[in-house]
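Here's the structure we're looking at; comments come further down.
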Amino acid sequence: MAESGGSSHWDDGKQGQKDWEKYEVARKLKTCVDEIRANYRQDWKSKLMSVRQRAVALYFIDKLALRAGTEKEEGETADTVGCCSLRVEHIKLHPELDGKHNVVEFDFLGKDSIRYYNQVPVKKTTTLLNKHLQSLMPGLSAKVFRTYNASITLQEQLQALTDKSSSIPEKILAYNRANRAVAILCNHQRAPPKTFEQSMTNLNTKIASRKEQCAITKKELREAKKEAEATKDKKLQMIVEKKRKAYKRCKEGVMKLMVQATDRQENKQIALGTSKLNYLDPRISVACLLFHDNGLAALEKLTLQSYMYDQLDWPTHSSYECQAFRSLVA
167 MAESGGSSHW DDGKQGQKDW EKYEVARKLK TCVDEIRANY RQDWKSKLMS
217 VRQRAVALYF IDKLALRAGT EKEEGETADT VGCCSLRVEH IKLHPELDGK
267 HNVVEFDFLG KDSIRYYNQV PVKKTTTLLN KHLQSLMPGL SAKVFRTYNA
317 SITLQEQLQA LTDKSSSIPE KILAYNRANR AVAILCNHQR APPKTFEQSM
367 TNLNTKIASR KEQCAITKKE LREAKKEAEA TKDKKLQMIV EKKRKAYKRC
417 KEGVMKLMVQ ATDRQENKQI ALGTSKLNYL DPRISVACLL FHDNGLAALE
467 KLTLQSYMYD QLDWPTHSSY ECQAFRSLVA
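Quick note, the sequence shown lines up with residues 167 to 496 if you use this note's numbering.
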């Protein structure tokens, strides 16, 4: 993993440098995460209950990307909790549930009052846990684990889902699917938009109309080719070429709309923006574009948000230069 060469190319704004520092701490976790995981597994067997509880809490913060749970937004009044602030009413213990043994069923409202349902042992306060994390690595916290796991999940999903030969719309879909995997990991849900069904109906109508147009364009191309072959007229050959280009544009338009419909359907209850803004190292997205030879001009299309442009200076001009797709987290 390449080392940073300085700050001369960072974004001049405080937020840009703050973001850089946040993702750097998450990247450093890669160097000791295996040791930390081995330690908390060993601590499960500790004679001290507090150590066992801390180890269990850390395990779930690592594996399920839970927030620590004691922080709240200013003015927030909802009864939202996290890994270390759960109460007894949020938990049910089952010797067996759905064919599984020793199940802890857990149901609560997380940040932004989003319901979280899973199976997680917990600890009430984060103080001892965070103090322990600091002793393992400077700057390490539950949020660093969350950022690390979110970013490495994005990278692994992009490697698995993207293809250099794909069209831009297909790459947008692949990127959003990778982003979706992160959002699911971090429990970034949302209620379906009220206009969702109507917007899907409108989009499907548009797809049907474009397909009809393609059928007409294809027929016109076929007839033009037949006439040109019969007469050998050069002007007719030019018309054939125009018809061919029109048909190609029409097919690309249909594909773009169909990809858009698939993407919209898959993400109707998933909030992609939260992880993009807070947990995904933007250098991974930049590296993906460079790896697939799209260039930074395609960045806004690929990410579907302008957030990357707000952060673009330090991700693209850091000493890593984003040349190696795997080098950012690997």
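Beta carbons: idealized from backbone N, C-alpha and C, even for Gly. Just so we're clear, the structure is a prediction, and the values are computed from it rather than from any experiment.
* Any beta strand (DSSP E) of 3 or more consecutive residues that is wholly inside the segment 183-263 -> For the segment 183-263, whole beta strand (DSSP E) runs of length 3 or above, ordered along the chain, are 257-263.
* Around the Cβ of TYR314, are there at least 16 other Cβ atoms within 10 angstroms (buried) or fewer (exposed)? -> Looking at its Cβ environment, which holds 16 or more other Cβ atoms inside 10 Å, TYR314 is buried.
* To do: Along the beta strand (DSSP E) that carries ASN284, what are the first and last residues, could you check?
  => For ASN284, the uninterrupted beta strand (DSSP E) segment begins and ends at 281-284.
* **Where THR293 falls, given that 16 or more other Cβ within 10 Å makes a residue buried** => Its Cβ having fewer than 16 others within 10 Å, THR293 is exposed.
* **C-beta contact flag for TYR413 and SER317 at 9 Å** => Contact: no.
* Asked: Given 8 Å as the limit, is there contact between the segment 349-363 and the segment 383-390, that is, 3 or more CB pairs closer than that?
  -> The segment 349-363, when compared against the segment 383-390, does not touch it at the 8 Å Cβ threshold.
* To do: Determine the direct distance from the alpha carbon of CYS454 to that of ILE350, and round the result to whole angstroms.
  => Whole-angstrom Cα-Cα distance: 21 Å.
* Asked: If you drop the 5 nearest sequence neighbours on each side, which residues of the same chain put their C-beta closer than 7 Å to that of LEU423?
  -> Around LEU423, the same chain offers LEU369, LYS372, ILE373 and ARG376 as residues with beta carbons nearer than 7 Å, after the five sequence neighbours per side are excluded.
* DSSP state of GLN181 mapped onto helix, strand, coil -> Of the three classes helix, strand and coil, the one that applies to GLN181 here is helix, per DSSP.
* For the 8 Å Cβ check, are there 3 or more pairs between the segment 266-273 and the segment 332-346? -> With a cut-off of 8 Å, the segment 332-346 and the segment 266-273 do not count as touching, because too few Cβ pairs lie within range.
* Asked: Helix, strand or coil for ASN353 per DSSP?
  -> Under the three-state reduction of DSSP output, ASN353 falls in the coil class, being neither helix nor strand.
* Asked: Apart from the five residues on each side of it in sequence, which residues of its chain come closer than 7 Å, Cβ to Cβ, to SER441?
  -> So the list reads ALA316, ASN345, VAL348, ALA349, CYS352 and HIS354, once near-sequence residues are dropped.
* Under 9 Å between C-beta atoms of ARG203 and TRP210 -> Cβ atoms of ARG203 and TRP210: not closer than 9 Å.
* Of all the options ALA427, ALA244 and GLU187, which has the alpha carbon lying nearest to the alpha carbon of MET366? -> Answer by Cα proximity: ALA427.
* Unbroken alpha helix (DSSP H) run spanning ILE382, endpoints -> ILE382 -> alpha helix (DSSP H) spans 362-397.
* Do you know how far the Cα of VAL247 is from the Cα of LEU259? -> Between LEU259 and VAL247, the C-alpha separation is close to 19 Å.
* When you compare each of PRO261, PHE274 and ALA234 to ARG253 by their alpha carbons, which one comes out closest? -> That would be PHE274, whose Cα lies nearest to the Cα of ARG253.
* **Burial state of ASP429 (16 or more Cβ within 10 Å)** => The residue is buried, with at least 16 neighbouring Cβ atoms inside 10 Å.
* To do: For SER301, count neighbouring C-beta atoms within 10 Å of its own C-beta (all shown protein chains included) and say buried if the count is 16 or more, exposed if not.
  => Flag for SER301 reads exposed.
* Asked: What are the boundary residues of the alpha helix (DSSP H) that includes THR293?
  -> It spans 293-302 - the alpha helix (DSSP H) in which THR293 sits, taken as one unbroken run.
* Asked: Would you say LEU224 and TYR282 are within 9 Å of each other, going by their C-beta atoms?
  -> Cβ distance not < 9 Å, so LEU224 and TYR282 don't count as in contact.
* Please report the residue range of the alpha helix (DSSP H) in which PRO359 lies. => PRO359 -> no alpha helix (DSSP H), and no H or E assigned at all.
* Identify, in the order they occur along the chain, each residue of the same chain with its Cβ nearer than 7 Å to the Cβ of ALA396, setting aside the five sequence neighbours on each side. => Cβ within range, chain order: n/a, list empty.
* Asked: Where does the unbroken alpha helix (DSSP H) through LYS400 begin, and where does it stop?
  -> It spans 400-432 - the alpha helix (DSSP H) in which LYS400 sits, taken as one unbroken run.
* Under three-state DSSP, which class holds ASP273? -> In the three-state reduction of the DSSP assignment, ASP273 falls in the strand class, which pools E and B.
* Does DSSP put LYS337 in a helix, a strand or coil? -> The DSSP-derived three-state label of LYS337 is helix.
* Flag this pair as touching only if the segment 191-198 and the segment 298-312 have three or more C-beta atom pairs under 8 Å; answer yes or no. => Contact holds: three or more Cβ-Cβ distances are below 8 Å.
* **Neighbour-count burial assignment, ALA234, 16 or more Cβ in a 10 Å radius** => Buried, by the Cβ-count rule.
* Give the secondary structure of LYS330 by DSSP, where H, G and I count as helix, E and B as strand, and everything else as coil. => DSSP places LYS330 outside both helix and strand once states are collapsed to three, so it counts as coil.
* **Proximal residues to MET421 (C-beta, below 7 Å), its chain only, five neighbours per side dropped** => Cβ contact annotation for MET421 (same chain, cutoff 7 Å, sequence separation greater than five): SER333 and PRO335, in chain order.
* When the Cα atoms are used, what is the spatial distance from TYR486 to ALA326? -> Caution is warranted here: a pLDDT of 44 is assigned to TYR486, below 50, making its placement in the model unreliable, and no coordinate value can be reported.
* To do: Hey, could you find the ends of the alpha helix (DSSP H) LEU438 is sitting in?
  => It spans 438-444 - the alpha helix (DSSP H) in which LEU438 sits, taken as one unbroken run.
* **Local Cβ density within 10 Å of THR243, reported as buried at 16 or more and exposed below that** => Around the Cβ of THR243, a 10 Å sphere holds fewer than 16 other Cβ atoms; the residue is exposed.
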